[in-house]
Amino acid sequence: IETMMIDSAYTQIGKYLNLPTHAYMGLSDSKINDSQAGLETGIGAVMAALSGVNVISGPGMMNFESCQSLEKLVVDNEICGMACRAIEGISQRDEPIAKNLFEGFTQETQFLTMPHTRKWYKEEHTFPGIIDRDTYDYWVSLGKKSIADRASEEVDRLLKETPPSLLDDDILQELRKIMDSDAKACGVSSLPEIKL
Numbered sequence: 220i221e222t223m224m225i226d227s228a229y230t231q232i233g234k235y236l237n238l239p240t241h242a243y244m245g246l247s248d249s250k251i252n253d254s255q256a257g258l259e260t261g262i263g264a265v266m267a268a269l270s271g272v273n274v275i276s277g278p279g280m281m282n283f284e285s286c287q288s289l290e291k292l293v294v295d296n297e298i299c300g301m302a303c304r305a306i307e308g309i310s311q312r313d314e315p316i317a318k319n320l321f322e323g324f325t326q327e328t329q330f331l332t333m334p335h336t337r338k339w340y341k342e343e344h345t346f347p348g349i350i351d352r353d354t355y356d357y358w359v360s361l362g363k364k365s366i367a368d369r370a371s372e373e374v375d376r377l378l379k380e381t382p383p384s385l386l387d388d389d390i391l392q393e394l395r396k397i398m399d400s401d402a403k404a405c406g407v408s409s410l411p412e413i414k415l
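To convert a position in the sequence shown, counted from 1, into the numbering used here, add 219.
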């Protein structure tokens with residue numbers, strides 16, 4: 220938390236000086252994608268959003284920035300979306316706020332079915348892709364999937380739907396030569412094959 224506090228402080232200095240800012244926030248020291256990872260990422264993402272950091276590195280990162288998890292990246296995308304939504308705040312759309320909705324109010328009044336509610340509901344309410352917003356019974360009917368299960372399924376879906384590389388083969392081969400050369404210079408005999 221102290222590092223995030225320092226990042227927030229220097230972000231404010233950057234804002235004061237009209238400079239762009241960057242911070243490593245939204246990452247976790249956890250070794251697995253668990254509650255600690257969610258807690259640290261959530262706090263970091265909200266602090267970064269509230270601080271106004273221009274560029275954030277960290278989503279998907281774990282274990283002191285030493286590894287990247289695609290599943291955590293998917294979860295962190297949801298967390299960052301929620302943090303961004305939080306700083307938008309609640310918009311006042313009517314003056315005074317939807318006063319006309321209370322005219323003729325009875326015990327049978329259903330605000331959720333009113334045109335005004337239907338009009339603004341999707342703009343004011345976040346609908347995340349993998350965060351569970353279902354009733355218990357519906358969640359059970361879907362197989363009792365945890366967020367880790369849903370994130371893994373989303374990663375699989377995204378990897379299957381990934382478009383072909385936008386780089387020509389000769390450029391990819393040249394990049395591979397550079398990576399192999401740099402790896403050997405650092406004592407790494409071979410890199411894993413990357414399918415693009």
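Backbone N, C-alpha and C fix where the C-beta goes; we use that ideal spot for every residue, glycine too. Values in this document were obtained by computation on a predicted structure and should not be read as measured data.
Going residue by residue through the segment 246-305, where are the continuous alpha helix (DSSP H) segments of at least 4 residues, counting only ones entirely within it?
Entirely contained in the segment 246-305, the alpha helix (DSSP H) runs reaching 4 residues are, in chain order, 254-270.
By alpha-carbon positions, which one of 396, 406 and 404 ends up nearest to residue 412?
Taking the sequence shown and counting its residues from 1, one reaches residue 412 at position 193. Looking at the Cα atoms, 396 is the closest of the given residues.
Does the distance from the CB of residue 226 to the CB of residue 242 come in under 8 Å?
Numbered from 1 along the sequence shown, position 7 holds the residue referred to as residue 226. Numbered from 1 along the sequence shown, position 23 holds the residue referred to as residue 242. Contact flag set, yes.
Give the DSSP-derived three-state secondary structure of residue 335 in the structure shown.
The count along the sequence shown starts at 1 and reaches residue 335 at position 116. Looking at residue 335 - three-state DSSP - the assignment turns out to be helix.
According to DSSP, residue 241 sits in a beta bridge with which residue or residues?
In the sequence shown, the residue the question calls residue 241 occupies position 22. Beta-bridge pairing links residue 241 to 274.
Three or more beta-carbon pairs under 8 Å between the segment 226-241 and the segment 258-271, yes or no?
Segments in contact, yes.
In whole angstroms, give me the CA-to-CA distance for residue 337 and residue 344.
Residue 337 sits at position 118 when you count from the first residue of the sequence shown. Residue 344 sits at position 125 when you count from the first residue of the sequence shown. Spanning the two alpha carbons is a distance of roughly 11 Å.
For the alpha helix (DSSP H) holding residue 391, just list the boundary residues, first then last.
What you label residue 391 is simply residue 172 of the sequence shown in a count that begins at 1. Its alpha helix (DSSP H) spans residues 388-404.
In terms of alpha-carbon separation, which member of 247, 300 and 319 lies closest to residue 348?
Start at 1 with the first residue of the sequence shown, and residue 348 comes out as number 129. Measuring from the Cα of residue 348, the nearest candidate turns out to be 300.
Reducing DSSP to helix, strand and coil, say where residue 369 ends up.
By 1-based counting over the sequence shown, the position of residue 369 is 150. Note: residue 369 maps to helix in three-state DSSP.
In three-state terms, what does DSSP make of residue 309?
The residue labelled residue 309 in the question sits at position 90 within the sequence shown. In this structure, residue 309 counts as coil in the three-state DSSP scheme.
Closer than 8 Å is the cut-off here; do at least three beta carbon pairs connect the segment 346-364 with the segment 243-262?
Verdict: no, contact absent.
Could you tell me whether the segment 328-337 touches the segment 380-391, where touching means 3 or more Cβ pairs closer than 8 Å?
These segments do not touch.
Please report the distance separating the alpha-carbon of residue 341 from that of residue 308.
Along the sequence shown, one-based indexing puts residue 341 at 122. Along the sequence shown, one-based indexing puts residue 308 at 89. The alpha-carbon atoms of residue 341 and residue 308 are separated by roughly 15 Å.
Taking residue 251 as the reference, give the member of 321, 223 and 294 with the closest Cα.
Counting from one through the sequence shown, the residue named residue 251 turns up at place 32. Ranking the options by Cα distance to residue 251, first place goes to 294.
Alpha carbon to alpha carbon, how far is residue 273 from residue 303?
Sequence index remark: in the sequence shown, residue 273 carries index 54 (1-based). Sequence index remark: in the sequence shown, residue 303 carries index 84 (1-based). Rounded to whole angstroms, residue 273 to residue 303 spans 12 Å at the Cα level.
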